[in-house]
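S.K.: All residue numbers for the sequence shown refer to numbering that gives the first Met the number 0, where the first residue is 0 and numbers rise by one.
For each residue, glycine too, the CB sits at the ideal point set by N, CA and C.
One structure is given below, represented as C-alpha cells, and several questions about it will come after.
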Amino acid sequence: MQYRRKIMNNTVKTMRERLGWTQAELARRARLPQSNLSEIERGNRKAWPAAAKRL
0 MQYRRKIMNN TVKTMRERLG WTQAELARRA RLPQSNLSEI ERGNRKAWPA AAKRL
C-alpha cells in the first residue's frame, strides 16, 4: 500500500510540474486546500478517492 501511495504522490507532482502549475493552482482546480495537496505530494497524507479523482 505504501508503494502505491508513493507512486500516486510522485505522479501528482510530476503532472503538476509538466502543466507548469503551482501547488496553489492545482489545489484550486481540484478544490483542495493547498496544504493538503502539499502533504499528498510529500507522502504525508493519503489522497482519498474523491480527491484523487479530482487530481
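Do you know offhand how far K52's Cα is from L31's?
M.R.: Walking along the sequence shown from the start, residue 52 turns up at place 53. Walking along the sequence shown from the start, residue 31 turns up at place 32. So the two alpha carbons sit approximately 12 Å from each other.
S.K.: For K40 versus K12, is the C-beta distance shorter than 8 Å?
M.R.: By 1-based counting over the sequence shown, the position of residue 40 is 41. By 1-based counting over the sequence shown, the position of residue 12 is 13. The sequence given here has Glu at residue 40, not Lys. Yes, the Cβ-Cβ distance between E40 and K12 is below 8 Å.
S.K.: Considering only their Cβ atoms, is the gap separating A50 from A26 smaller than 8 Å?
M.R.: Locating residue 26 in the sequence shown gives position 27, where the first residue counts as 1. Locating residue 50 in the sequence shown gives position 51, where the first residue counts as 1. Taking 8 Å as the Cβ cut-off, A26 and A50 do not qualify as a contacting pair.
S.K.: Taking the alpha helix (DSSP H) that K52 falls in, what are its first and last residues?
M.R.: Here the question's residue 52 lines up with position 53 in the sequence shown. Taken as a continuous stretch (DSSP letters only), the alpha helix (DSSP H) holding K52 covers 48-53.
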